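Chains as they are written, first to last, in this note's numbering: chain U, 7 to 90; chain Y, 60 to 196. All C-beta atoms in this analysis are idealised placements derived from N, C-alpha and C, irrespective of residue type, glycine included. Keep in mind the model is a prediction, meaning the values are calculated, not measured.
Next comes the structure, spelled out in structure tokens:
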């Protein structure tokens with residue numbers, strides 16, 4: 007199971023737009039293969055800092071910051087396929 | 060119209076700061092006299108206060124320029140500014156963490172030296188720095 011974490015902040019339009027595409031992509035892998043957890047950086051600031059998040063939205067995979075800026079769907083797909 | 064010294068006094072900054080803000084693209088004089096002296100509209104004071112307040116929140120001049128650009132962009136919304144503020148908070152938190160680690164490392168160095176009267180070649184702090192601080196982390 008690959009664990010994807012989407013680190014964002016509520017009210018961030020850029021984050022919301024990113025979520026749509028990313029959710030669709032992750033759903034296409036199947037929930038038994040890839041899980042998605044939403045992380046509100048204001049609620050989990052220490053965790054976000056520990057990951058090294060400095061810009062939003064960011065994506066961590068299996069507890070490691072992989073995308074510090076918004077990736078394209080294709081970039082995320084390529085990254086996720088490395089785990090299978 | 061106000062001269063640079065008058066607008067600086069009104070805004071509580073130095074004239075050098077205003078010239079630097081101008082160099083960094085944060086503000087510009089409304090016009091210049093025939094002799095080349097800068098002249099500013101009185102409402103420039105608000106912009107200078109904006110810059111100072113943003114600096115007090117940790118924003119760099121480059122980031123403040125982005126904020127000012129964002130403010131003038133029709134397609135931007137409050138959420139964009141909020142995101143920049145949260146990103147700045149993340150950066151500050153990361154710096155605080157780093158500084159706390161540095162402070163802890165200094166605590167350990169200070170604890171190594173209990174006798175201030177030792178000669179320098181026996182100084183435990185210098186010796187620890189010579190040997191590397193890896194063991195402290």
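Query, Result
"Expressed to the nearest angstrom, what Euclidean distance is found between the alpha-carbon atoms of residue 61 (chain Y) and residue 157 (chain Y)?", "44 Å"
"Got a sec? Which residues, its chain only, sit under 8 Å from residue 67 (chain U) by beta carbon, not counting five neighbours each side?", "8, 9, 10, 11, 85, 86 and 89"
"Kindly give me the distance between the Cβ atoms of residue 63 (chain Y) and residue 105 (chain Y), rounded to whole angstroms, as I take these residues to be in contact under 8 Å.", "Between residue 105 (chain Y) and residue 63 (chain Y) the Cβ distance is about 17 Å, and since that is not below 8 Å, they are no contact."
"Just checking: is the beta-carbon of residue 15 (chain U) within a distance shorter than 8 Å of some beta-carbon in chain Y?", "yes"
"Could you check if residue 44 (chain U) is buried or exposed, using at least 16 other CB atoms within 10 Å of its CB as the buried criterion?", "exposed"
"Under a CB-based cut-off of 8 Å, is residue 54 (chain U) close to chain Y?", "yes"
"Is the Cβ of residue 138 (chain Y) closer than 8 Å to any Cβ of chain A?", "Protein chains in the displayed structure are U and Y, and chain A is not among them."
"Name the chain Y residues whose beta carbon is nearer than 7 Å to that of residue 61 (chain U)?", "146"
"Enumerate, from N- to C-terminal direction, the unbroken alpha helix (DSSP H) stretches of 4 or more residues contained entirely within the stretch 66-130 of chain Y.", "74-82, 103-115 and 120-130"
"Closest to residue 167 (chain Y) by CA distance: which of Y:150, Y:191 and Y:176 is it?", "Y:191"
"I want to see whether chain Y comes within less than 8 Å of residue 40 (chain U), judged by CB atoms only; does it?", "no"
"Starting from residue 146 (chain Y), trace the alpha helix (DSSP H) in both directions and tell me its first and last residue.", "137-171"
"Taking only three categories from DSSP, how would you classify residue 194 (chain Y)?", "A caution first: residue 194 (chain Y) carries a pLDDT of 49, below 50, which makes its placement in the model unreliable, though a value can still be read off. Helix at residue 194 (chain Y)."
"I want to see whether chain U comes within less than 8 Å of residue 142 (chain Y), judged by CB atoms only; does it?", "yes"
"With a cut-off of 8 Å, does the C-beta of residue 71 (chain U) fall near any C-beta of chain Y?", "no"
"I need the boundaries of the alpha helix (DSSP H) containing residue 43 (chain U), first residue and last residue.", "Note, residue 43 (chain U): premise wrong, no alpha helix (DSSP H); beta strand (DSSP E) at 40-46."
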